[in-house]
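Protein chains: 2
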Amino acid sequence: MTSDTSTVQGYDPRTGDPAGDPVPQTTPRAVAHIAVAAADAFDAWRETDRTTRAAALEAVADALDANVAELVALADRETALGETRLTGEVARTTGQLRLFASVLRDGGYRDIVVEHAEAPRPDLRRIARPVGPVAVFSASNFPFAFSVAGGDTASALAAGCPVVVKAHEAHPRTSLRTAMIVAEALDSAGAPEGVFAIVFGFEAGIALVQHPAIAAVGFTGSARGGLALAKLCAERPKPIPFYGELGSVNPVFVLPGAAQARPEEIARGYAASLTLGVGQFCTNPGLLFVPADGERLLEEISAAVAETTGGPMLAQRIHDGFVAGAQELAARPEVRTLAEGKPGDGPWSATPVVYSVTAEDYLRSATELREEHFGPLGLVITYTFGSGPDPFNLLDVGALGDGQLTASIHLDPGDEADITFGRTLADRLTGIAGRIVFNGWPTGVAVTHAQHHGGPFPATTSPAHTSVGAAAIRRWLVPVVYQDCPAQLLPGDLADGAL
Amino acid sequence: MTSDTSTVQGYDPRTGDPAGDPVPQTTPRAVAHIAVAAADAFDAWRETDRTTRAAALEAVADALDANVAELVALADRETALGETRLTGEVARTTGQLRLFASVLRDGGYRDIVVEHAEAPRPDLRRIARPVGPVAVFSASNFPFAFSVAGGDTASALAAGCPVVVKAHEAHPRTSLRTAMIVAEALDSAGAPEGVFAIVFGFEAGIALVQHPAIAAVGFTGSARGGLALAKLCAERPKPIPFYGELGSVNPVFVLPGAAQARPEEIARGYAASLTLGVGQFCTNPGLLFVPADGERLLEEISAAVAETTGGPMLAQRIHDGFVAGAQELAARPEVRTLAEGKPGDGPWSATPVVYSVTAEDYLRSATELREEHFGPLGLVITYTFGSGPDPFNLLDVGALGDGQLTASIHLDPGDEADITFGRTLADRLTGIAGRIVFNGWPTGVAVTHAQHHGGPFPATTSPAHTSVGAAAIRRWLVPVVYQDCPAQLLPGDLADGAL
Numbered sequence: 183m184t185s186d187t188s189t190v191q192g193y194d195p196r197t198g199d200p201a202g203d204p205v206p207q208t209t210p211r212a213v214a215h216i217a218v219a220a221a222d223a224f225d226a227w228r229e230t231d232r233t234t235r236a237a238a239l240e241a242v243a244d245a246l247d248a249n250v251a252e253l254v255a256l257a258d259r260e261t262a263l264g265e266t267r268l269t270g271e272v273a274r275t276t277g278q279l280r281l282f283a284s285v286l287r288d289g290g291y292r293d294i295v296v297e298h299a300e301a302p303r304p305d306l307r308r309i310a311r312p313v314g315p316v317a318v319f320s321a322s323n324f325p326f327a328f329s330v331a332g333g334d335t336a337s338a339l340a341a342g343c344p345v346v347v348k349a350h351e352a353h354p355r356t357s358l359r360t361a362m363i364v365a366e367a368l369d370s371a372g373a374p375e376g377v378f379a380i381v382f383g384f385e386a387g388i389a390l391v392q393h394p395a396i397a398a399v400g401f402t403g404s405a406r407g408g409l410a411l412a413k414l415c416a417e418r419p420k421p422i423p424f425y426g427e428l429g430s431v432n433p434v435f436v437l438p439g440a441a442q443a444r445p446e447e448i449a450r451g452y453a454a455s456l457t458l459g460v461g462q463f464c465t466n467p468g469l470l471f472v473p474a475d476g477e478r479l480l481e482e483i484s485a486a487v488a489e490t491t492g493g494p495m496l497a498q499r500i501h502d503g504f505v506a507g508a509q510e511l512a513a514r515p516e517v518r519t520l521a522e523g524k525p526g527d528g529p530w531s532a533t534p535v536v537y538s539v540t541a542e543d544y545l546r547s548a549t550e551l552r553e554e555h556f557g558p559l560g561l562v563i564t565y566t567f568g569s570g571p572d573p574f575n576l577l578d579v580g581a582l583g584d585g586q587l588t589a590s591i592h593l594d595p596g597d598e599a600d601i602t603f604g605r606t607l608a609d610r611l612t613g614i615a616g617r618i619v620f621n622g623w624p625t626g627v628a629v630t631h632a633q634h635h636g637g638p639f640p641a642t643t644s645p646a647h648t649s650v651g652a653a654a655i656r657r658w659l660v661p662v663v664y665q666d667c668p669a670q671l672l673p674g675d676l677a678d679g680a681l
Numbered sequence: 183m184t185s186d187t188s189t190v191q192g193y194d195p196r197t198g199d200p201a202g203d204p205v206p207q208t209t210p211r212a213v214a215h216i217a218v219a220a221a222d223a224f225d226a227w228r229e230t231d232r233t234t235r236a237a238a239l240e241a242v243a244d245a246l247d248a249n250v251a252e253l254v255a256l257a258d259r260e261t262a263l264g265e266t267r268l269t270g271e272v273a274r275t276t277g278q279l280r281l282f283a284s285v286l287r288d289g290g291y292r293d294i295v296v297e298h299a300e301a302p303r304p305d306l307r308r309i310a311r312p313v314g315p316v317a318v319f320s321a322s323n324f325p326f327a328f329s330v331a332g333g334d335t336a337s338a339l340a341a342g343c344p345v346v347v348k349a350h351e352a353h354p355r356t357s358l359r360t361a362m363i364v365a366e367a368l369d370s371a372g373a374p375e376g377v378f379a380i381v382f383g384f385e386a387g388i389a390l391v392q393h394p395a396i397a398a399v400g401f402t403g404s405a406r407g408g409l410a411l412a413k414l415c416a417e418r419p420k421p422i423p424f425y426g427e428l429g430s431v432n433p434v435f436v437l438p439g440a441a442q443a444r445p446e447e448i449a450r451g452y453a454a455s456l457t458l459g460v461g462q463f464c465t466n467p468g469l470l471f472v473p474a475d476g477e478r479l480l481e482e483i484s485a486a487v488a489e490t491t492g493g494p495m496l497a498q499r500i501h502d503g504f505v506a507g508a509q510e511l512a513a514r515p516e517v518r519t520l521a522e523g524k525p526g527d528g529p530w531s532a533t534p535v536v537y538s539v540t541a542e543d544y545l546r547s548a549t550e551l552r553e554e555h556f557g558p559l560g561l562v563i564t565y566t567f568g569s570g571p572d573p574f575n576l577l578d579v580g581a582l583g584d585g586q587l588t589a590s591i592h593l594d595p596g597d598e599a600d601i602t603f604g605r606t607l608a609d610r611l612t613g614i615a616g617r618i619v620f621n622g623w624p625t626g627v628a629v630t631h632a633q634h635h636g637g638p639f640p641a642t643t644s645p646a647h648t649s650v651g652a653a654a655i656r657r658w659l660v661p662v663v664y665q666d667c668p669a670q671l672l673p674g675d676l677a678d679g680a681l
């Protein structure tokens with residue numbers, strides 16, 4: 183089956199065996215058809231009243247909820263993420279759809295500004311307009327929330343953009359079934375034909391981003407894949423925006439006061455966050471900075487990690503990459519193994535592992551040592567906390583990387599030194615990460631209005647934008663201003679009585 | 183002088199002679215120094231209270247106003263744009279600085295969203311943060327408003343970003359003097375050293391966008407120059423956003439009712455807009471669609487254009503490019519000369535000229551015929567208005583190009599056919615242009631809150647952003663969210679009592 187390039191075959195990560203029938207790849211010709219149909223649907227969809235679009239998104243959410251058991255079973259077979267997690271993820275996904283329905287009803291996303299004429303200034307009325315058909319590339323690690331009916335799809339449909347999803351090859355049958363449910367629900371809600379479609383296969387993805395009808399791309403995945411697609415977008419005759427989330431190692435700093443005050447709580451939280459979903463999260467805490475003299479904390483970390491158990495990874499490629507990366511890291515002379523969890527079952531299982539290195543050694547090779555390992559692998563950096571504001575240059579970009587989705591600080595609010603250094607640290611981290619977490623862990627991203635899931639390159643390719651939360655809709659909107667437009671021709675939203 | 187690559191020499195467009203002493207080019211080493219100084223100034227400037235930053239912008243505006251006579255004299259010698267226009271442009275420039283001061287005092291630009299904890303959701307507080315030091319590339323055609331102290335500089339300084347300006351080679355002495363005034367005013371207002379600087383020369387511009395300290399680039403100029411810089415930005419080890427405004431031909435449609443109702447007014451308006459500033463505006467109306475049977479309008483256009491007079495262009499290169507482009511267009515068999523203005527004085531003078539072509543011929547070669555000619559050159563396309571919604575496919579992207587800064591419609595509000603077709607046309611144009619002008623002309627861009635000066639590629643490289651008006655500040659901001667931040671560490675703007 184693996185050698186058949188005309189189909190996409192899902193596998194059961196628990197056994198390595200094929201999971202269900204393969205799904206046919208979409209031919210370039212079919213992709214072109216689908217893209218043109220999306221373009222044809224654009225006018226009708228963007229002109230659909232926003233409350234009707236909201237109702238259509240809610241219909242999709244309801245349909246997914248109604249089929250949750252079937253979807254979870256399909257996804258569990260293809261991802262092995264487990265029923266509890268997957269059931270929660272469907273709820274998160276339908277919650278996202280309903281959030282964007284509420285964003286539509288609120289209407290603030292249109293960013294309307296009306297200025298009546300005041301000589302010599304003309305009458306100017308600005309409104310945001312959907313950019314056009316959007317290509318959405320699904321992620322491996324969220325078969326629902328960052329996949330066919332995930333945040334990119336929900337926010338783009340809300341904006342008034344048709345969506346063509348490129349399914350992730352790790353869960354084709356989940357993707358196909360989800361797409362059928364989405365398409366049926368949209369159709370029943372009166373959405374125009376062509377407003378939503380799915381394509382399968384690597385070549386189909388390439389054809390999609392290169393098709394002239396596609397106006398923007400949303401992507402969640404590897405840096406290598408993302409940068410290749412970004413290049414294709416930039417080199418089109420008409421370049422289009424590429425919103426890519428490419429990876430992050432999410433540094434966590436444990437300040438001395440916190441290390442002393444609550445070592446067990448921090449160790450347990452760390453082990454749980456590191457191994458959640460077999461470590462397959464973009465917000466996985468890859469780097470943990472702890473005081474070198476915090477022996478109690480290091481002991482607690484060893485104990486907590488030892489109690490964790492591995493599990494099957496999403497795909498063989500991901501598993502093999504993880505194992506190779508871990509071996510490479512372990513082979514470095516300055517790196518020692520701090521703790522290991524128990525192995526999981528099955529051929530693609532990853533065992534949680536935490537390495538450690540001194541800050542001095544880390545800083546010598548930070549670029550290599552802070553490479554992302556997608557999976558349950560952590561690097562603990564032991565630092566000596568001096569008297570200056572940054573005694574070991576840990577705040578340097580060289581230590582932390584240019585861009586991260588998150589950075590976290592554990593501090594003791596009652597400890598003067600923690601607060602003083604924490605303030606400096608937090609301020610510096612705002613230049614490196616899109617979200618600063620205090621006394622918590624980066625995994626778990628609330629889907630709300632205030633959320634920002636993004637960060638400087640390479641965390642994302644467009645640091646001003648988020649892929650999670652209400653503001654994600656901004657990626658799919660462009661402004662247009664009407665100057666001295668006669669009342670008869672003004673769009674309803676811009677009429678004098680509309681606001 | 184022209185062969186001396188170590189200096190930038192300005193010229194008097196009225197004579198072609200050198201205008202004042204040359205200005206030394208900035209060496210790559212000096213550029214590096216300046217970029218590092220900008221990075222060093224970043225923390226102090228972004229932490230400066232926003233009302234203090236507002237006062238600093240107003241101090242710059244006051245200082246420019248106080249030196250208006252000297253600045254206008256310098257600029258007139260290097261650009262020949264005339265005292266009236268240049269005096270107005272200084273006022274526009276200082277108006278922009280004051281607008282951004284008011285944007286700072288208002289504070290809405292920070293896009294603050296505060297969500298208190300509500301289990302299981304954490305406390306999340308988002309705020310926009312300046313992106314870092316910004317490189318600003320000045321335009322040739324606005325020696326003040328899109329130059330050293332122009333909209334890009336004003337909006338970036340307002341955002342909290344240090345600015346390094348690359349001076350345009352067409353007006354080095356104006357740039358140098360403006361920069362001295364800006365730097366002195368900022369210094370007197372207490373702004374940190376290094377927050378503003380200027381560099382001269384092509385190589386200096388390259389070194390600037392490649393320097394690691396630069397976080398974003400603003401550019402107004404040619405498509406060729408802009409695309410080359412965009413590529414440099416994308417290919418940096420850490421890519422940075424490039425906000426480029428690259429050119430536009432700004433189609434104008436005269437619908438049959440309007441052509442009949444007010445031919446003289448339209449003809450006069452067109453001739454004035456086409457020749458304003460010797461046609462050297464990004465919003466110059468390059469394409470005018472008129473009814474083939476509107477003979478009266480065509481006659482009035484000929485008469486109005488015949489009354490115009492040419493003038494010296496900004497630079498020899500611009501003049502030579504204009505003349506060559508006009509000759510190429512005139513040599514095409516399907517193109518005829520509709521009208522010519524009177525020649526201006528001096529070696530770099532351009533004579534206004536309007537060509538015409540039938541819609542049928544135009545559509546056959548639209549890609550070549552709609553190329554931008556920077557200068558007082560118009561192409562009139564005569565169309566036959568049939569009964570369908572778009573009888574001659576004029577609404578196709580092929581006819582109008584992918585992206586325009588503006589598109590304009592002249593219609594008679596009392597004419598049913600004008601209104602009906604105008605509605606379809608306006609709606610379609612929102613996908614092509616960032617501003618739709620009704621019964622007016624695209625030149626003249628109000629600097630306000632509702633304004634949007636941008637458009638799909640190639641008009642701009644980032645169609646969601648504007649380079650004119652209050653929203654221009656958004657280009658220099660990225661969000662950051664604080665999760666469960668202890669009260670002692672929250673930035674003042676995000677404290678519970680601050681909103």
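In the order they appear, the protein sequences are chains A and B. Going from the first sequence to the numbering used here is simple: count from 1 and add 182. Going from the second sequence to the numbering used here is simple: count from 1 and add 182. Beta carbons are placed, not taken as given, at the ideal position from N, Cα and C, and that holds for glycine. Keep in mind the model is a prediction, meaning the values are calculated, not measured.
Any chain B beta carbon closer than 7 angstroms to residue i
i        : result
Ile618/A : yes
Val434/A : no
Asp584/A : yes
Phe639/A : yes
Gly492/A : no
Gln665/A : yes
Thr612/A : yes
Glu447/A : no
Of the residues the options, the one placed nearest residue i, counting alpha carbons only
i        : options                                   : result
Cys464/A : Pro624/A, Gly332/A, Arg232/A and Pro668/A : Pro624/A
Thr233/B : Pro467/B, Gln586/B, Leu561/B and Ala340/B : Ala340/B
Gly485/B : Gly314/B, His647/B and Ile448/B           : The question names Gly, but residue 485/B in the sequence shown is Ala. Considering only alpha carbons, the answer is Ile448/B.
Ala608/B : Pro467/B, Val619/B and Ala248/B           : Val619/B
Ala669/A : Arg450/B, Ala301/B and Asp594/B           : Asp594/B
Ala371/A : Asp244/A, Arg259/A, Phe556/A and Ala212/A : Asp244/A
Counted within 10 angstroms of its Cβ, other Cβ atoms place residue i as buried (16 or more) or exposed
i        : result
Gly674/B : exposed
Asp334/B : buried
Arg552/A : buried
Gly613/A : buried
Thr184/A : In this prediction, Thr184/A has a pLDDT of 44, which is less than 50 and means its spatial position is unreliable; what the coordinates show is noted afterwards. Exposed: under 16 other Cβ atoms inside 10 Å.
CB contact flag (residue i, residue j, <7 angstroms)
i        : j        : result
Arg617/B : Gln665/A : yes
Ser337/A : Ile655/A : yes
Ala214/B : Arg287/B : no
Leu520/A : Val562/A : yes
Val399/A : Ala317/A : yes
C-beta neighbour in chain A for residue i, strict 7 angstroms
i        : result
Phe378/B : no
Arg605/B : yes
Ile601/B : yes
Quiz item: Does the stretch 517 to 536 of chain A come close enough to the stretch 479 to 498 of chain A that 3 or more CB-CB pairs lie under 8 angstroms?
Solution: yes
Quiz item: Looking at C-beta atoms only, is the number of pairs between the stretch 365 to 378 of chain B and the stretch 274 to 282 of chain B that lie closer than 8 angstroms three or more?
Solution: no
Quiz item: Does the pairing of the stretch 640 to 649 of chain A with the stretch 423 to 430 of chain A give three or more beta-carbon distances under 8 angstroms?
Solution: Yes, the stretch 640 to 649 of chain A is in contact with the stretch 423 to 430 of chain A.
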